[in-house]
Structures are given as C-alpha cells and as structure tokens.
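Okay, structure first, notes after.
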Amino acid sequence: MRYLIIIVLVLCLLESLNAQVLKLKPRKANAITGSAFAKSIADSTLSLAQREVLILNEIKSGNVPDFLRKLKEITDNTDHSMGIEKVSISYYVLPDYFCIGSNEDFFYIPMTPILAQKVADLTKCSLPTKRMVDQIYKNATIKLSPQPIPPTKAMTTVPIFIAHNDVLNKQLAPFLLKHNASDLTAGNKKDIIISNKIYGEKTDRVVIYGWHKLDGKAIQPVYNKHTNTWADYSHGVRLVQNKVWVNGKKTNIAKVLADKKNCFLLSEEGVIEKPYYPITKY
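Each position in the sequence shown, counted from 1, maps to that position plus 417 in this note's numbering.
Structure representation (structure tokens):
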C-alpha cells in the first residue's frame, strides 16, 4: 500500500511538472471583480486607446481567473501533405476566451488585434489559425450555442459587451463546476485569428473566424473587412502557447507556419510568414 501511495505521488508530481500554464502574475486578493471592471470602462468618454490601456494594466497585474490559467492540450494526428506518413502535433490553448476577474465574477473582454497581440506577446503565446479554431471546437467538452445580438452601432460599446457577458453567464450556469475546473469551452465567441489576410490591404485589418454552432458549422467565415481598431461584443481572444510538439519534438508555432513541409499542421492557407498582428497606434 505504501509503494502504491508513492507511485501515485510521483505520477502527480510528474503531471504538475508537465502542466502548461498561462504566464501571468497570481491574482491579488483585492483585485477588482470582472463586473466591477466592466462598469469602470463603460464610461463613454473613454477613448478606445484609453480603454485598452486599462484592460492591459489589469492583465499585467494578474487579474485573470484561475480557470483560465491551466492550458488544455490539443493533439492532431493527420496524413502528411507530401507523403503517406502520419504526423502528429500537440499544442496548448486557453480553456476559454480571455476574461478579467475571478472564477466567481469574470468578464469576457473583447479586444482589438492590437491589444490581443500585446497580450499574446506578454504571455509567450500566439493567436490561433482557422485550423486551430476548428480543432479547439472539436475537442471542447463544453459547447455553447452562439447567442448573436442584432448588429447596431452599439455593438462595439461596453454596455453591449456587458449584456452579452450576462447571456454567456446564464449559458454557463449548468456547467459551472466543469468550467471552473478549466474544461475546454467553445461556441461562445468568434476568434481573432492569424492569417495571411492580416496584410496586403491599404489599411491594417483584423481577421475573424468561428462562432461554431452545435452542429459544428461556423457562423463566421474568415473575414477581414474590419480595420484593426474594430472590437465588437462577439470577438474573443483565445491564446495558444507558442511551444508546440511535432512528432514529440518541441518547436514553436512560427517555425511550423514557416515550414513548407509542415505548415499544413496548423494552417489551411499554406505558409504564414507573419503569424502576428502589427502593434500600431489607434
């Protein structure tokens, strides 16, 4: 019996050593709640740039729920595009879209790609590709039905962000224990994705995709008609750790996407030479 206990303890230690976590400061006990923070940025006199500075400051301070910190593994085994061999890739993703606050009171925070890229850089992460978004949805254990709000000019305002957040909280209520244990959750937001469509236009763009329905079909096809200062209530930020493993060998997302042989593991566009958004002025 004693040896069995030792084996279990060793396995638990190995699991904790191999666990992949979001690289952020611990959340302070007196940190502002998600709902209180949402109200604090609802001031219509705040500019977009000012709002996103406040968001970034909260993230830098570690005001992020515990459930968001334990990354979830996605493994994809597929035929090689240039032969018959099987190739596997593993990577780690946020269990849900980015939030501010605690497990008990959190706020899904839409961001421009400018801020999303800053947060990705801060946490040594990347934004996902279309293929990755599809794989994440496929592997999700909590799948929520999309809840669109009729489009108006107000869809980019914080009051609409709050209204949609309230809807999502009601949807999550039956899954709260699993959700707070970091179960992979999807269907609640569209993704800001990396794509060749970020570049090549006269103005910088945001590229969005996803919001899968329960039948697995995405509401939003790959779309790049908004400029990079657009952020509406439906946009989510799902980060992916930069480290990935191809056939068990550690590499990173940028190297895989630049590799003509293996880019298909993460991309349906072929090579993506610039897998990031430019951090520009608002």
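Don't be surprised by glycine CBs; every beta carbon is placed ideally from N, CA and C.
Every value quoted in this text rests on a predicted model; they were computed, and no experiment measured them.
Beta-carbon gap between residue i and residue j smaller than 8 Å
i, j, result
"threonine 529", "alanine 648", "yes"
"leucine 465", "threonine 646", "yes"
"tyrosine 514", "asparagine 605", "yes"
"serine 507", "valine 661", "yes"
"asparagine 597", "phenylalanine 524", "no"
"proline 527", "tyrosine 650", "yes"
"isoleucine 611", "isoleucine 625", "no"
"lysine 672", "valine 688", "no"
"lysine 595", "isoleucine 696", "no"
"threonine 620", "isoleucine 559", "no"
"tyrosine 554", "histidine 629", "yes"
"phenylalanine 454", "glutamate 469", "no"
Cβ-Cβ separation, residue j to residue i (assumed contact under 8 Å), whole Å
i, j, result
"glycine 627", "aspartate 608", "4 Å"
"proline 443", "serine 543", "About 23 Å separates the two Cβ atoms, so there is no contact after all."
"isoleucine 670", "leucine 683", "7 Å"
"glycine 518", "glycine 451", "3 Å"
"valine 654", "asparagine 679", "Going by Cβ atoms, the distance from valine 654 to asparagine 679 rounds to 26 Å, so no, they are not a contact pair."
"isoleucine 458", "tyrosine 699", "Not really, about 15 Å apart at Cβ, beyond 8 Å."
"lysine 541", "proline 512", "Going by Cβ atoms, the distance from lysine 541 to proline 512 rounds to 17 Å, so no, they are not a contact pair."
Pick from the options that is closest to residue i, judged by C-alpha positions
i, options, result
"aspartate 583", "Lys442, Ile449, Lys456", "Lys456"
"aspartate 551", "Lys570, Leu631, Asp460", "Leu631"
"serine 478", "Pro591, Thr573, Asn447, Thr697", "Asn447"
"lysine 440", "Thr668, Val481, Ala459, Asn645", "Val481"
"cysteine 516", "Ile449, Glu686, Leu561", "Ile449"
"leucine 571", "Ile531, Ser452, Ser461, Ile689", "Note that residue 571 is alanine in the sequence shown here, rather than leucine. Here the closest residue by C-alpha is Ser461."
"glutamine 437", "Val510, Pro563, Val470", "Val510"
"asparagine 641", "Thr668, Asn613, Tyr554, Phe681", "Asn613"
"asparagine 520", "Lys698, Gly665, Thr540, Asn586", "Asn586"
"methionine 549", "Ile636, His652, Gln658", "Gln658"
"leucine 674", "Lys698, Glu469, Glu686", "Glu686"
"alanine 533", "Val623, Pro565, Lys503, Ile458", "Val623"
"alanine 537", "Gln637, Leu473, Lys445", "Leu473"
"alanine 635", "Leu589, Pro565, Pro591", "Pro565"
"phenylalanine 681", "Gln467, Thr495, Leu471", "Thr495"
"asparagine 556", "Gly633, Glu690, Thr668, Leu463", "Gly633"
"aspartate 522", "Thr668, Leu471, Gln637, Leu589", "Leu589"
"threonine 573", "Ile615, Leu539, Leu463", "Leu463"
"phenylalanine 592", "Ile615, Lys667, Thr569, Leu561", "Leu561"
"isoleucine 615", "Lys503, Glu690, Leu471", "Glu690"
"glycine 665", "Pro568, Lys503, Thr569", "Lys503"
Below 8 Å, can you find three or more Cβ-Cβ pairs linking the stretch 577-590 to the stretch 484-498? no
Just list the beta strand (DSSP E) runs in the stretch 444-532, keeping only unbroken ones of 3 residues or longer that don't cross its boundaries, in chain order. 489-496, 503-510, 516-518, 523-525
Restricting to runs no shorter than 3 residues, where is the beta strand (DSSP E) found entirely within the stretch 553-620? 607-609
Beta strand (DSSP E) segments (min. 3 residues) lying fully within the stretch 627-680: 635-644, 657-663, 666-669
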